[in-house]
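Data first, discussion second: the structure below is written as structure tokens.
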Amino acid sequence: MLSLLKRYRRFLLVAALLLYPLGAFLLGGRRGRDPNFVDRGVIALTAPVQQGLTAGIDGAVAAVRNYLDLRGVRQDNDALRLENLQLRASVQALGEARSENGRLRKLLAYAEAAPGPEIPARVVGVNPVAKLLSVRISSGEKDGVFRGMSVVTPDGIVGQVIRSTGGYADVALVTDPQSRVAVRVQRSRARGTAAGAGNGPLALENMLRTEDVEDGDLIITSGTDGIYPPGLVVGRVTQLEKKEHGMFQGADIQPAVDTSRLEEVLVVGSPYSAMASGGASAEGAQK
Numbered sequence: 003m004l005s006l007l008k009r010y011r012r013f014l015l016v017a018a019l020l021l022y023p024l025g026a027f028l029l030g031g032r033r034g035r036d037p038n039f040v041d042r043g044v045i046a047l048t049a050p051v052q053q054g055l056t057a058g059i060d061g062a063v064a065a066v067r068n069y070l071d072l073r074g075v076r077q078d079n080d081a082l083r084l085e086n087l088q089l090r091a092s093v094q095a096l097g098e099a100r101s102e103n104g105r106l107r108k109l110l111a112y113a114e115a116a117p118g119p120e121i122p123a124r125v126v127g128v129n130p131v132a133k134l135l136s137v138r139i140s141s142g143e144k145d146g147v148f149r150g151m152s153v154v155t156p157d158g159i160v161g162q163v164i165r166s167t168g169g170y171a172d173v174a175l176v177t178d179p180q181s182r183v184a185v186r187v188q189r190s191r192a193r194g195t196a197a198g199a200g201n202g203p204l205a206l207e208n209m210l211r212t213e214d215v216e217d218g219d220l221i222i223t224s225g226t227d228g229i230y231p232p233g234l235v236v237g238r239v240t241q242l243e244k245k246e247h248g249m250f251q252g253a254d255i256q257p258a259v260d261t262s263r264l265e266e267v268l269v270v271g272s273p274y275s276a277m278a279s280g281g282a283s284a285e286g287a288q289k
């Protein structure tokens with residue numbers, strides 16, 4: 003018994019000090035007597051302990067409440083962040099759809115105003131080989147696309163169909179080094195050739211030194227090469243070089259179409275390509 007008292011003497015002392023004011027209050031609360039010196043001493047000793055316990059309990063309760071509040075705020079922030087990402091994705095998708103609708107509307111207006119039939123197509127591939135700058139489009143022989151037909155956009159020419167299968171066709175771009183387009187200056191009607199020079203401006207060739215050409219002149223197709231119909235926009239003259247000697251003058255032509263950003267195109271025919279496709283169809287019918 004004595005060993006237990008010694009072991010728990012501090013606990014029993016604190017309990018007695020805490021229980022005494024409670025007992026005194028319960029026994030003398032109704033009489034309303036004034037505290038004696040013993041009461042005052044016990045209160046003086048136990049008040050800091052009670053204050054510390056109360057502060058600790060209040061602090062623990064406040065910490066739990068703050069944790070629960072922070073947890074709720076974190077969950078709300080996560081939900082708002084996810085909603086923000088979804089809204090941004092929706093806005094981006096709507097912007098892309100609006101941009102595509104604008105391009106298709108422009109393409110449709112051009113097709114309706116053009117004199118001949120046009121076949122719409124999407125660019126579905128880009129040739130990674132630098133020796134041949136070409137793209138693949140989503141229309142082929144089954145859609146009426148044949149080798150030799152020209153490919154354009156409302157802004158100007160793109161290139162020429164060099165291979166066509168059932169559902170796809172390959173188009174050599176006007177910027178390809180092997181590309182040659184018969185052109186004329188819209189203002190003065192002077193004739194020349196637009197040659198591909200890789201990724202960059204076209205080169206104006208075969209333009210006589212005596213012809214009237216100026217920087218900024220609009221260059222259009224002449225239609226004399228049997229590939230492109232006449233009057234299609236090619237680009238504008240830049241870096242004109244009028245030589246003092248020789249037969250020809252040189253210049254760069256800034257293409258009207260940025261072939262690195264193609265998405266939708268139109269395939270149009272020329273008299274030669276129409277004859278070639280007709281002849282091929284006739285041969286197939288005879289077989």
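Numbering of the sequence shown is given in the working numbering, commencing with residue 3 and proceeding in unit increments. Even glycine gets a Cβ: it sits at the ideal position worked out from N, Cα and C.
Contact under 7 Å by Cβ, residue i with residue j
i: Q188; j: I222; result: yes
i: G198; j: T177; result: yes
i: P1; j: G161; result: As displayed, the chain neither begins before 3 nor continues past 289, which places residue 1 out of reach and without an answer.
i: L82; j: L135; result: no
i: S224; j: R263; result: no
i: T167; j: G150; result: no
i: V173; j: V137; result: yes
i: V235; j: A253; result: no
i: A171; j: I139; result: yes
i: V269; j: I159; result: no
Neighbour-count burial assignment, residue i, 16 or more Cβ in a 10 Å radius
i: I59; result: exposed
i: G31; result: Its pLDDT being 49, under 50, G31 is placed unreliably by the model, and the measurement read from it follows with that caveat. Exposed: under 16 other Cβ atoms inside 10 Å.
i: V126; result: exposed
i: A196; result: buried
i: Y230; result: buried
i: Q251; result: buried
i: P156; result: buried
i: D80; result: exposed
i: S152; result: buried
i: T56; result: exposed
i: T212; result: exposed
Alpha carbon of residue i to alpha carbon of residue j, nearest angstrom
i: E85; j: A123; result: 36 Å
i: V267; j: G237; result: 17 Å
i: G286; j: R193; result: At G286, the pLDDT of 37 sits below 50, so the modelled position is not reliable; the number obtained from the coordinates is stated separately. Their backbone Cα atoms lie some 38 Å apart in a straight line.
i: A258; j: V75; result: 55 Å
i: E216; j: G228; result: 27 Å
i: M209; j: V163; result: 26 Å
i: G271; j: K144; result: 15 Å
i: R165; j: S181; result: 15 Å
i: Q204; j: E246; result: In the sequence as displayed, the identity of residue 204 is Leu instead of Gln. For L204 and E246, the distance between alpha carbons rounds to 22 Å.
i: L72; j: V63; result: 14 Å
i: L70; j: P50; result: 30 Å
i: D219; j: P130; result: 33 Å
i: G202; j: G146; result: 31 Å
i: L67; j: Q77; result: Looking at the sequence shown, residue 67 is not Leu but Arg. So the two alpha carbons sit approximately 15 Å from each other.
i: V154; j: E207; result: 22 Å
i: K133; j: E265; result: 22 Å
Run of the beta strand (DSSP E) containing residue i, from where it starts to where it stops
i: Q241; result: V235 to E243
i: E207; result: L204 to L210
i: D172; result: A171 to L175
i: E120; result: E120 to V128
i: G194; result: R193 to A197
i: L268; result: E266 to V270
i: P257; result: F250 to P257
i: V154; result: S152 to T155
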